[in-house]
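The opening position of the sequence shown corresponds to residue 703 in the working numbering, with each subsequent residue numbered one higher. For every residue, glycine included, the Cβ atom is placed at its ideal position computed from N, Cα and C.
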Amino acid sequence: MSPRPARRPIVPDLLAPGLRLVFCGTAPSTASAAARAYYAKPGNRFWKTLHEVGLTPRRFAPAEYPALLALGIGLTDLNKVQSGNDDELDPRAFDCAGFAAKMQRAGPALIAFTSKTAGARYLGHAVAYGEQPERLGGARLFVLPSTSGQAVRYFDLGPWRALAQAAGSARR
């Protein structure tokens, strides 16, 4: 299956100034593109994990993603114009400079990449899970295990819990 090209963002950014946390993925899955909602593929643990680590008061459905703003949480992707698996995406469609500019404008306290692929793509080098030494503006950067059903064997709740603890102290 090849990535789906688009001229406009497939799923719009969920950003506002002064958020405590922004999650950044690589690109929407084909299921997320069809639903026009983040992390909508059946089997993805994103929404379950947010609730399980205490970042949300209940488990949200993907279509409810705009409600995260009220909790100080935003969502975006490095590739806003294609959908599919990471290995199907055109590397030229990743807009790391545009992402950095958006984060400078929004000024979140924390930015969490929802996979090693997203973190490595932005930072330009291999990454480990957890907090990174780099900063983006004043934001602390984290790399988390992917919640994708395809990455279930690598999933570890530990880095997600560490992020939730940092987010608890980063409330604005």
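Distances from the alpha-carbon of Arg722 to those of Arg837, Lys804, Ile813, Phe857 put Ile813 closest. Annotated as proximal: Phe725 and Leu777, with beta-carbon spacing under 8 Å. With a 10 Å radius around the Cβ and a threshold of 16 neighbouring Cβ atoms, Pro768 comes out exposed. The C-beta of Pro810 has 16 or more other C-beta atoms within 10 Å across all chains shown, which makes the residue buried.
Within the stretch 789 to 824, the beta strand (DSSP E) runs of at least 3 residues that lie entirely inside it are, in chain order, 812 to 815. Gly821 is classed as buried because its beta carbon has at least 16 other beta carbons within 10 Å across all chains shown. For Ala733, the closest alpha carbon among the candidates Pro764, His753, Thr758 is that of Pro764. By the C-beta criterion, the stretch 839 to 851 is judged to be in contact with the stretch 815 to 831, since at least 3 inter-stretch pairs fall below 8 Å. In this model, Gln867 and Glu833 are separated by some 12 Å (Cα to Cα).
Burial is judged here by how many other beta carbons sit within 10 angstroms of a residue's own beta carbon; Arg747 has at least 16 and is buried.
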